[in-house]
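Basically the numbering used here = 1-based index in the sequence shown + 3.
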Amino acid sequence: MRSVISKIVAVAVIFASIVGASFVPALADGGGSPFSAGDGRYAPMTGDRIAVYVQDSDVAVWGIDGNLVGFPLTTFSLSELEKETSVTHIVNGGTVTLTKLSDPVLVEGYANYDATEMITQVETPSVYVVSWTDSVYGANGSGAFSKTFEATYLAQ
């Protein structure tokens, strides 16, 4: 009888382990570090109050309130990203400014050892900074309210 009970207990423990492992919560950071939000934003950091999403057709900028809830601020188009001067959007959540810090460095080269035609490649991407100011959330355009990002594909 003891062997039957011990087998039942062993099966129950194994079953509980399997079921318990399947109910581990899915964390927003993908189970990685607290520095990875896992939502596609560029270079997320703990304490960020601005989030930048570099997409194929534009760059979306979100604000993050004191309760860590994100909300859309604005979107910068590719034509705005190509400008050499700062671009400012005045929105309900404040003022968002995009500034191009550096142009990309392009080089001519071969894609691989078998290639017979030269192509233009991006050696260093364009660098931008987005800052958020004039907000009810205390945005001051620096620190957590500013984000520097690179965009390789924008170099045409």
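By construction, the Cβ of each residue, glycine as well, lies at the ideal position given by its N, Cα and C atoms.
Please read all numbers here as calculations on a predicted model, not as lab measurements.
Proximity below 8 Å, CB of residue i to CB of residue j
i, j, result
"Glu111", "Thr127", "no"
"Lys103", "Tyr131", "yes"
"Gly69", "Tyr140", "yes"
"Val94", "Pro107", "no"
Residue environment, residue i, which counts as buried when at least 16 other CB atoms sit within 10 Å
i, result
"Ile80", "Checking the sequence, you will find Ser at residue 80 rather than Ile. Burial call: exposed."
"Gly96", "buried"
"Thr77", "buried"
"Val62", "buried"
"Ser138", "buried"
"Ala114", "exposed"
"Ala118", "exposed"
Other residues of its chain near residue i: CB distance less than 6 Å, five sequence neighbours each side excluded
i, result
"Arg52", "Ile67, Ala147, Phe148"
"Pro75", "Trp65"
Whole-number beta carbon distance between residue j and residue i, since they are thought to touch under 8 Å
i, j, result
"Phe152", "Val90", "The pair is not a contact, with the Cβ atoms about 14 Å apart (cut-off 8 Å)."
"Ala154", "Ser134", "Wrong, their Cβ atoms sit about 16 Å apart, outside the cutoff."
"Thr98", "Thr136", "5 Å"
Below-8 Å beta-carbon distance, residue i vs any chain C residue
i, result
"Ser80", "This model lacks chain C altogether, as it is built from one protein chain only."
Chain-order list of residues whose beta-carbon lies under 7 Å from that of residue i (same chain, five-residue window excluded)
i, result
"Thr83", "The sequence as given places Glu at residue 83; Thr does not occur at that position. Only Val90, Leu101 meet the Cβ criterion."
"Met121", "Glu111, Gly112, Tyr113"
Sequence-distant residues of the same chain with beta carbon closer than 8 Å to residue i, five excluded per side
i, result
"Gly43", "Tyr56"
"Leu109", "Thr123, Gln124, Val125, Glu126, Ala158"
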